Amino acid sequence: MNFEILKNCIDSQVGVDYPGMGISVWHKNKEIYRYDAGFCDDESKIPFPKDARFYIFSCTKPITCTAVMQLYEKGCFYLNQEISDFLPEFTTMMVEKTDNKGNKYIEEAKNKITIKHLLSMTSGLSYKLDSPETRKVINDTNGKCPTGEMVKAFAKRPLLFEPGTNWEYGLSHDVLGRLVEVLSGMSFGEYLQKNIFEPCGMEHTSFKYGGNMIPMYRDYNTPSQRKCPFPENEYIYGKDSEYESGGAGLVSTIDDYIKFASAMACKGVSYLKNRILSPLTIDVMRTDVLDDSYRSNFFCNDMGFGYGLGVRMVLKDNKCGILANPGAFGWDGAAGCYTLIDPSEELAIFIGKNLRPPKNYDSNYRIISAAMTSFYC
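Under the working numbering, the first residue of the sequence shown carries the number 1, and numbering increases by one thereafter.
So, in structure tokens, the structure goes:
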């Protein structure tokens, strides 16, 4: 192993595209490399700290889907079961359609949303967080936004297509967070704490804003728009909100998230020797489920990735723009976080950043490729 290659790759990006970042690499449930570069607060020249907490945004999704699959393993549901069996607000859904003249209209959906549709982002739900329905919940609850009420608001919006007929990045995993609550009898946060965070030894991950939170940047290279208050002042992720978003709500640290990623890389067993998922279930999650009729709508398709149950994965023909083994899987976040989980090597990588949106989307691919090269050297 020669991690000088990885260090040089990260250093080349810090101060150019990003104020700072950190990375952790674990192999067989042990840390083999940890590096922080640059500043979390560039104006004050505060180094990127190892205990930095930040919104991981959509890196929440693999954790949410792991929680759902834990309940699947316990026989609480079957994958093709209708979500309305547990969340009756989804019993009758409307869908937006277009006639042969290009006119849009709304009609009752013919297909029912299943749990597998939610896991695979084929439910038809959009990512419209700001809508008349959600604003009503915000106003009615004085900004508390309870998870159950927010999900009911999502159900009132028309679907973008018939469930199971297309792929769309949307609020599916937020609905799954509510499903976990109904099936477990706990709040989503309580369930994750008991069944994932504690077994993995994650002490600084939650839906609660606070602690050593670092600032977020909007546009690193435009001084007037650099630091921003988002998301702590945004309505849905605010520090007074009760909304526990399964799609993007978790706050974590690099040293916490890597423990979850490593457990998934090591057949579902954490470094504390606690099992959070079986290897068979992990294989189900990282199996490509995209239909060729709508594969092109998956925005990572051009990179050669497939999509399973809450994660992208490197396909066997490996046409990806990164050096990674087939079957390696993971996801990223809106502020630049990225995880790659490789069960074939029992290897996990997590990159932490604080720029939203990320400056260059190929940045993490370059870092992952350098990490894999370092690992094999």
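For glycine and all other residues, C-beta sits at the position ideal for the given N, C-alpha and C.
On a predicted model such as this, the values are computed, not experimentally measured, just so you know.
For the pair the region 90-106 and the region 59-66, tell me if three or more CB-CB distances fall below 8 angstroms.
Too few Cβ pairs lie closer than 8 angstroms, so no.
Across which residues does DSSP place residue 174 in a beta bridge pair?
The sequence position of residue 174 within the sequence shown is 174, counting from 1. For residue 174, which the question treats as bridged, DSSP gives no partner whatsoever.
Candidates 111, 27, 307 and 246: which alpha carbon is nearest residue 374's?
Within the sequence shown, numbered from 1, the residue matching residue 374 stands at position 374. Ranking 111, 27, 307 and 246 by Cα distance to residue 374 puts 27 first.
Mapping DSSP to helix, strand and coil, what is residue 86?
Taking the first residue of the sequence shown as 1, we reach residue 86 at position 86. Reduced to three states, the DSSP call for residue 86 is coil.
Using C-beta distances below 7 angstroms, list every residue in its chain close to residue 180, excluding the 5 sequence neighbours before and after it, in chain order.
Residue mapping note: residue 180 aligns to position 180 of the sequence shown, counting from 1. Closer than 7 angstroms at Cβ, skipping near neighbours: 67, 68, 71, 188 and 191.
So, for residue 266: in the same chain, excluding its five sequence neighbours on each side, which residues have a beta-carbon less than 6 angstroms away from its beta-carbon?
Stepping through the sequence shown from its first residue, residue 266 is reached at position 266. So the qualifying residues of the chain are 29 and 346.
Apart from the five residues on each side of it in sequence, which residues of its chain come closer than 7 angstroms, Cβ to Cβ, to residue 45?
Taking the sequence shown and counting its residues from 1, one reaches residue 45 at position 45. Excluding positions up to five away in sequence, the list reads 39.
Only counting the same chain, and skipping five residues up and downstream in sequence, which positions put a Cβ closer than 8 angstroms to that of residue 5?
Within the sequence shown, residue 5 is the residue found at index 5, counting from 1. Cβ neighbours of residue 5 beyond the five flanking positions: 370, 373, 374 and 377.
Which stretch, first to last residue, makes up the alpha helix (DSSP H) that contains residue 69?
On the sequence shown, position 69 is the one that residue 69 refers to. Residues 60-73.
Quick one: measure Cβ to Cβ for residue 124 and residue 174, integer angstroms, because I've assumed they're closer than 8 angstroms.
Along the sequence shown, one-based indexing puts residue 124 at 124. Along the sequence shown, one-based indexing puts residue 174 at 174. Not quite, the Cβ-Cβ distance comes to about 14 angstroms (not below 8 angstroms), so this is no contact.
Tell me the rounded alpha-carbon separation between residue 308 and residue 212.
The sequence position of residue 308 within the sequence shown is 308, counting from 1. The sequence position of residue 212 within the sequence shown is 212, counting from 1. Near 34 angstroms, if we compare the C-alpha coordinates of residue 212 and residue 308.
Check whether the region 148-168 and the region 82-97 touch, using three or more Cβ-Cβ pairs below 8 angstroms as the test.
Verdict: yes, contact present.
In whole angstroms, what separates the C-alpha of residue 315 from that of residue 326?
As a first step, residue 315 must be located in the sequence shown, where it is residue number 315. As a first step, residue 326 must be located in the sequence shown, where it is residue number 326. Distance between the alpha carbons of residue 315 and residue 326: 5 angstroms.
Once the 5 residues before and after residue 107 are set aside, which same chain residues still bring their CB inside 8 angstroms of it?
For the purposes of this step, residue 107 is identified with residue 107 of the sequence shown, where counting begins at 1. Taken in chain order, the residues that qualify are 94, 95 and 97.
Please report the residue range of the beta strand (DSSP E) in which residue 291 lies.
The sequence position of residue 291 within the sequence shown is 291, counting from 1. Per DSSP, residue 291 belongs to no beta strand (DSSP E) and is neither H nor E.
Between residue 89 and the rest of its own chain, which residues show a CB-CB distance below 6 angstroms, the 5 nearest in sequence each way excluded?
Within the sequence shown, numbered from 1, the residue matching residue 89 stands at position 89. If we look at residue 89 and ignore the five residues flanking it on each side, its Cβ neighbours are 152 and 155.
With a Cβ-Cβ cutoff of 8 angstroms, do residue 268 and residue 282 count as a contact?
As a working mapping, residue 268 is identified with position 268 in the sequence shown. As a working mapping, residue 282 is identified with position 282 in the sequence shown. Yes.
Applying the criterion that 16 or more other CB atoms from any shown protein chain within 10 Å of the CB defines a buried residue, is residue 87 buried or exposed?
One-based indexing of the sequence shown puts residue 87 at position 87. Buried, because 16 or more other Cβ atoms sit within 10 Å of the Cβ of residue 87.
Of the residues 242, 116, 32 and 113, which one's Cα is nearest the Cα of residue 259?
Along the sequence shown, one-based indexing puts residue 259 at 259. Ranking 242, 116, 32 and 113 by Cα distance to residue 259 puts 32 first.
How far does the beta strand (DSSP E) with residue 204 in it reach, from first residue to last?
Start at 1 with the first residue of the sequence shown, and residue 204 comes out as number 204. First-last for residue 204: undefined, no H or E at that position.
One question on the structure: do residue 423 and residue 334 come within less than 8 angstroms of each other, judged by their Cβ atoms?
Since the first residue of the chain shown is 1 and the last is 377, residue 423 is not available in this structure.
For my contact list, residue 83 and residue 114 are in at a C-beta cut-off of 8 angstroms; report their separation, rounded to the angstrom.
The residue labelled residue 83 in the question sits at position 83 within the sequence shown. The residue labelled residue 114 in the question sits at position 114 within the sequence shown. Going by Cβ atoms, the distance from residue 83 to residue 114 rounds to 7 angstroms, so yes, they are a contact pair.
In chain order, what residues of the same chain lie with their CB nearer than 7 angstroms to the CB of residue 112, ignoring the 5 residues before and after it?
For the purposes of this step, residue 112 is identified with residue 112 of the sequence shown, where counting begins at 1. Closer than 7 angstroms at the Cβ level, and outside the excluded window around residue 112, lie 82, 84 and 163.
Excluding sequence positions up to five away, which residues of its chain have a Cβ less than 6 angstroms from the Cβ of residue 319?
As a first step, residue 319 is located in the sequence shown; it is residue number 319 there, counting from the start. Excluding positions up to five away in sequence, the list reads 304.
Between 310, 337 and 306, which lies nearest to residue 171 when the distance is taken from Cα to Cα?
What you label residue 171 is simply residue 171 of the sequence shown in a count that begins at 1. Measuring from the Cα of residue 171, the nearest candidate turns out to be 310.
Report the rounded CA-to-CA distance for residue 119 versus residue 252, giving the unit in angstroms.
What you label residue 119 is simply residue 119 of the sequence shown in a count that begins at 1. What you label residue 252 is simply residue 252 of the sequence shown in a count that begins at 1. So the two alpha carbons sit approximately 22 angstroms from each other.
Anyone know if the C-beta pair for residue 352 and residue 15 falls short of 8 angstroms?
Locating residue 352 in the sequence shown gives position 352, where the first residue counts as 1. Locating residue 15 in the sequence shown gives position 15, where the first residue counts as 1. For residue 352 and residue 15, no; Cβs fall outside 8 angstroms.
Taking the beta carbon of residue 10 as the centre, do at least 16 other beta carbons fall within 10 Å, making it buried, or is it exposed?
Reading the sequence shown from its first residue, position 10 is the one you call residue 10. By the neighbour-count rule (16 or more Cβ atoms within 10 Å), residue 10 is buried.
Counting C-beta neighbours from all protein chains within 10 Å, is the total for residue 233 16 or more, i.e. buried, or is it exposed?
Here residue 233 refers to the residue found at position 233 when the sequence shown is read from its first residue. Residue confidence is low: residue 233 scores 48 on pLDDT, short of 50, so the model does not pin down where it sits. Its coordinate-derived value is still stated next. Burial call: exposed.
Less than 8 angstroms separating the beta-carbons of residue 254 and residue 41?
As a working note, residue 254 is residue 254 in the sequence shown. As a working note, residue 41 is residue 41 in the sequence shown. No. Outside cutoff.
Terminal residues of the continuous beta strand (DSSP E) containing residue 323?
Mapped onto the sequence shown, residue 323 falls at position 323. Run containing residue 323: none; DSSP gives neither H nor E here.
Nearest to residue 51 by alpha carbon, out of 271, 275, 205 and 342?
Stepping through the sequence shown from its first residue, residue 51 is reached at position 51. Considering only alpha carbons, the answer is 205.
Can you have a look at residue 18 and say buried or exposed, based on whether 16 or more other CB atoms are within 10 angstroms of its CB?
The residue you call residue 18 lines up with position 18 of the sequence shown. When all chains shown are included, residue 18 counts as buried.
As a quick exercise: from 343, 317 and 293, pick the residue whose alpha carbon is nearest that of residue 280.
Indexing the sequence shown from 1 puts residue 280 at position 280. Of the candidates 343, 317 and 293, the one whose C-alpha sits nearest the C-alpha of residue 280 is 343.
At 3 residues or longer, and completely inside the region 82-129: list those beta strand (DSSP E) runs for me, N to C.
With a minimum length of 3 residues, the continuous beta strand (DSSP E) runs that stay inside the region 82-129 are 94-98 and 104-108.
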